[in-house]
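S.K.: Numbering (the working numbering), first residue to last: 658 to 1017.
Just so you know, even glycine gets a beta-carbon here, dropped at the ideal spot from N, CA and C.
Input: one structure, supplied below.
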Amino acid sequence: MSRVFNFSAGPAALPDAVLERVRDDIPDWNGTGMSVMEISHRSKDFMAVAAKAEQDFRDLLAIPDDYSVLFTQGGATLQFAMVPLNLSAKGDTVDYVLTGSWSKKAIVEAENHCDVNIVADASARHFTDIPAQESWRRSNDAAYLHYTPNETIAGVEFHFVPEVGDTPLVADMSSTILSRPLDISQFGVIYAGAQKNIGPAGLTLVIVRNDLLDRARSSIPKLLRYSIYAESDSMSNTPPVFAWYVAGLVFENLKKQGGLAAMAENNERKSAKLYAAIDNSDFYSNPVRRDCRSWMNVTFTLKDASLDGKFLAESTAAGLTNLKGHRSVGGMRASIYNAVPEAAVDALIEFMLEFEKANG
Ligand code: PMP
């Protein structure tokens, strides 16, 4: 295969070994004479794949038995609505931490369904840090507290799990899930769009503590209800079978590589060397407070923004693709999820040094 180093924020790079397996499987999957896309989701073959994917995901994250894993659709964006509709009643207060563009979107959606109390707001500092928990203004009676452990656009990450006592903690882990081990028992709900560390877009994973399954508002459509997915093994209607199958291959691959402890080591090392390259230069900079920097999305700007176009053209020509920062912030962003090899980070650092030498 001729593959570039792909720094896309999402849909993002998948492991080469997974793509090779998918390619080999497509015409005649599992000896069925069909592809996995052409067979009933209720067939024995597919049910086995679905169950194994769930089990591997549970193994990777050590998910306790009193949590359900739901394979849903609609992206993390639909979860912005499903969370309040499943966990709160009309008129309830819910707590949200505002640390970037994605938590902002979650807040705007939640405001349609309940009273949102913003416990901390990092917008005045242009989302370059995570407000210390001591400064948060939590409400006494929140139905849950929602936060975004990794803000994909500014590259800001919580390197701690908030302490919220008995309040259910809800986390949008779209761009950090599977990057390191977690203590799931600290959470009420975790959700993540698949298209970064899990697999193809179209699938959204939700981990929900079982005692929270019966809080949904009575008026909501069936497919917005967590309990429907939990009761039907996420097969109450046709699930995104291809994405589910590929996610299963990604989980299998992660286990083979040593699981999430190994991923955490890789991810910390990969991001540390890229931040060091940025910090050691006067040509590149990253404004995020050091203890809040993302392991997954490393943002940086060039000293002279008029060189951005040249940097992007030359990096693309060198096989380093999708480095353009999000349109709302500009600059560059290297998304270095699990499937982006360390060699890609090394090649990027080398390119950055050369570019600085030629243009600095
Ligand atoms: N939350 C975060 C942290 C994200 O990074 C994204 C997508 N980049 C979303 C939510 C929205 O996800 P989706 O496109 O799957 O709805």
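May I have a chain-ordered list of the alpha helix (DSSP H) segments no shorter than 4 residues that lie completely inside the region 937–1011?
M.R.: You should have 965–974.
S.K.: What's the C-alpha gap between Asn769 and Met739?
M.R.: Position 112 of the sequence shown holds residue 769. Position 82 of the sequence shown holds residue 739. Rounded to whole angstroms, Asn769 to Met739 spans 12 angstroms at the Cα level.
S.K.: Report the rounded CA-to-CA distance for Asp681 versus Lys913, giving the unit in angstroms.
M.R.: If you number the sequence shown from 1, residue 681 lands on position 24. If you number the sequence shown from 1, residue 913 lands on position 256. Going by the C-alpha atoms only, they are around 19 angstroms apart.
S.K.: What residues does the ligand PMP have around it, judged by CB closer than 6 angstroms to any heavy atom, in chain order?
M.R.: That gives Gly667, Gly732, Ala733, Thr734, Trp759, Thr805, Thr809, Asp829, Ser831, Ser832 and Gly850.
S.K.: What are the uninterrupted segments assigned as alpha helix (DSSP H) that are 4 or more residues long and contained completely in the region 680–731, given in chain order?
M.R.: Correct list: 701–718.
S.K.: So, does the CB of Lys879 fall closer than 8 angstroms to a CB anywhere in chain C?
M.R.: In the structure shown, chain C cannot be found, because there is only a single protein chain.
S.K.: Measuring CA to CA, which of Ser951, Ser842, Cys949 and Ser831 is closest to Gly667?
M.R.: On the sequence shown, residue 667 is found 10 positions in, with the first residue counted as 1. Selected option, being the one with the closest Cα: Ser831.
S.K.: Can you tell which of Leu881, Arg872, Thr833 and Thr785 has the C-alpha that lies nearest to the C-alpha of Val945?
M.R.: Your numbering for residue 945 matches position 288 in the sequence shown. Answer by Cα proximity: Thr785.
S.K.: What whole-angstrom Cβ distance do Gly856 and Val903 have, given they're in contact under 8 angstroms?
M.R.: Taking the sequence shown and counting its residues from 1, the one referred to as residue 856 is at position 199. Taking the sequence shown and counting its residues from 1, the one referred to as residue 903 is at position 246. Confirmed, about 4 angstroms.
S.K.: Consult DSSP for Ala777 and reduce its assignment to one of helix, strand or coil.
M.R.: On the sequence shown, position 120 is the one that residue 777 refers to. Three-state result, Ala777: strand.
S.K.: Sort Thr958, Ile935, Ser780 and Asn743 by Cα distance to Pro878 and report the nearest one.
M.R.: On the sequence shown, position 221 is the one that residue 878 refers to. Minimum Cα distance to Pro878 is reached at Asn743.
S.K.: Out of Pro825, Pro806 and Val813, state which residue places its alpha-carbon closest to the alpha-carbon of Asp798.
M.R.: Start at 1 with the first residue of the sequence shown, and residue 798 comes out as number 141. It is Pro825.
S.K.: If you measure between the beta carbons of Ala800 and Ser745, is that distance less than 8 angstroms?
M.R.: Against the sequence shown, residue 800 aligns to sequence position 143. Against the sequence shown, residue 745 aligns to sequence position 88. The answer is yes: Cβ separation under 8 angstroms.
S.K.: Please name the residue, chosen from Asp716, Arg926 and Phe1008, that lies closest to Phe968 on a Cα-to-Cα basis.
M.R.: Here residue 968 corresponds to residue number 311 of the sequence shown, with the count starting at 1. With distances taken between Cα atoms, Phe968 lies closest to Phe1008.
S.K.: DSSP beta-bridge partners for Tyr753?
M.R.: In the sequence shown, counting from the first residue as 1, residue 753 sits at position 96. Note: Tyr753 sits in a beta bridge opposite Ile775 and His803.
S.K.: Leaving out five residues on either side along the sequence, give the residues of the same chain with a beta carbon under 6 angstroms from the beta carbon of Ser893.
M.R.: Position 236 of the sequence shown, counting from 1, holds the residue named residue 893. Excluding residues within five positions, the ones whose Cβ falls inside 6 angstroms are Ile885.
S.K.: Please classify Ser814: is it buried, with 16 or more other beta-carbons within 10 angstroms of its beta-carbon, or exposed?
M.R.: Translated into positions along the sequence shown, residue 814 becomes position 157. Looking at the sequence provided, one finds Glu at residue 814 rather than Ser. Burial call: buried.
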